[in-house]
Amino acid sequence: MAKKKEAQTVDMSVEEKLKSLFQLQTMLSEIDKIRILRGELPLEVEDLEDEIEGLKTRIDNTNEEVEGLRGRINELKTKIELANEKLVGYKGQLDNVRNNREYDLLNKEIEFQTLEIELCNKRIREAEAAEKTKEELVEKSRQTLEERSLDLEVKKNELDEIVAETKAEEEKLREKAKNLELSIEPRLLMSFKRIRKNSRNGLGIVYVQRDACGGCFAKIPPQRQLDVRMRKKIIVCEYCGRILIDPELAGVKTAVEQKEEKPKRRRAIRKTKEETPNIEDYME
């Protein structure tokens, strides 16, 4: 089977190879048009999915921070309760003080516990403010998540509709292109695909129009144009590297042929005007 395929590609003439390449490019261009029809939807869907995942992660992390702040507030409240119990004990001991030294020590402990309570209350207020900010951030992120989820659903439905409409046509074109590739010489096919990949408009083979390359519009020397029309060998544009093909082989009418058709119509119109009799001759 492999030998038969190789024989098919080798036995093809240059003209047949060029024609097959141009047909292949036509099919690939149609597939590109289908992709363009989908537009940026696949990328938009992917971006929305990434953004939604990011929002979910942000919400989870922020909720963990809120839980941490709440735990810290509970610890500080417990600390305040212990400090208040100590204050009650120290104040009770003041009534049983035996000397000034004990009195000073108790006052220092009372002052220290009072400052500790004030510091804990300050840290509680800061933690509560931070908790409120975090909760607002979570709520805002949830709203954004809902909006992005709705957008994603709309975009996915739109993409699914377009894919459903064009899937059958795309698969049919891909199958035809795949079968056509089997009849083209592997080295020539690889070169064509490489040229097509490097070109902006995805054209690997172009026809000569107005003595210029149809891809980069660079002027082609007369001898090279003759070689293209002879179809005896593969001719490549010296500037852009695209494969050149005769317009007639590509089934395209040149500007010269279109101009030649117009004068014929004008002559026919002039003849009809000359043959039309003047009504004044009959009046005489």
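Just add 91 to the spot in the sequence shown (first one is 1) and you have my numbering.
C-beta atoms are modelled at their ideal positions from N, C-alpha and C, and glycine is treated no differently.
Query                                                                                                                                                                  : Result
Return the chain-ordered list of same chain residues with a C-beta closer than 8 Å to the C-beta of Val-105, the five sequence neighbours on each side being excluded. : Arg-322, Lys-323, Lys-324 and Ile-325
Just to confirm, are Ile-122 and Arg-265 a CB contact at a threshold of 8 Å?                                                                                           : yes
Classify Ser-111 as helix, strand or coil using the three-state DSSP reduction.                                                                                        : helix
Which whole-angstrom value describes the C-beta separation of Met-333 and Ser-290, a residue pair presumed to lie in contact below a C-beta threshold of 8 Å?          : Looking at the sequence provided, one finds Arg at residue 333 rather than Met. Confirmed, about 7 Å.
Which partner residues of Gln-300 appear in the DSSP bridge assignment?                                                                                                : Ala-303
Is Lys-170 near the ligand SAH, judged by its Cβ being under 7 Å from some heavy atom?                                                                                 : The ligand SAH is not part of this structure, which contains no ligands at all.
My assumption, with CB atoms under 8 Å, is that Gln-316 sits in contact with Asp-302. Please give the rounded CB distance.                                             : 7 Å
Report the rounded CA-to-CA distance for Leu-167 versus Asp-195, giving the unit in angstroms.                                                                         : 27 Å
Quick one: residues in its chain with C-beta nearer than 6 Å to the C-beta of Glu-200, no 5 flanking neighbours on either side, listed in chain order?                 : Tyr-181
On the three-pair Cβ rule with 8 Å, is the stretch 216-231 touching the stretch 182-192?                                                                               : no
Near Asp-242, what residues of its chain come up, given a Cβ to Cβ distance below 8 Å and the 5 sequence neighbours on each side ignored?                              : Leu-139
Tell me, which residues are paired with Leu-335 by DSSP?                                                                                                               : Val-297 and Ile-326
Report all residues from its chain with a CB closer than 6 Å to the CB of Tyr-298; omit the five preceding and five following residues, and keep chain order.          : Gly-305, Ile-336, Pro-338, Ala-341 and Val-343
Just to confirm before moving on: does the CB-CB distance between Glu-252 and Ile-125 stay below 8 Å?                                                                  : no
Asn-60: which of Glu-262, Lys-177 and Ile-311 sits nearest, CA to CA?                                                                                                  : The chain is shown from 92 up to 375; residue 60 falls before or after that span and cannot be answered.
Nearest to Pro-237 by alpha carbon, out of Arg-285, Leu-210, Ile-150 and Ile-311?                                                                                      : For the record, residue 237 in the displayed sequence is Glu; it is not Pro. Comparing Cα-Cα distances from Glu-237 to each of Arg-285, Leu-210, Ile-150 and Ile-311, the minimum goes to Ile-150.
In chain order, what residues of the same chain lie with their CB nearer than 6 Å to the CB of Leu-294, ignoring the 5 residues before and after it?                   : Gly-306
Which residue wins for smallest C-alpha separation from Arg-146, given the options Phe-308, Glu-244, Ser-240 and Met-118?                                              : Contrary to the premise, residue 146 reads as Leu rather than Arg in this sequence. Minimum Cα distance to Leu-146 is reached at Ser-240.
What is the C-beta distance between Asn-165 and Ile-208, in whole angstroms, given that I count them as a contact (C-beta under 8 Å)?                                  : So it is not a contact: roughly 16 Å between Cβ atoms.
On a CA-only basis, which of Ala-221, Gln-234 and Asn-292 is nearest Gly-159? Give me that one, please.                                                                : Ala-221
Between which two residues does the alpha helix (DSSP H) carrying Glu-252 extend?                                                                                      : 191-272
Roughly how many whole angstroms lie between the Cα atoms of Leu-119 and Gln-300?                                                                                      : 22 Å
What residues match up with Lys-310 in a beta bridge as DSSP calls it?                                                                                                 : Ala-303
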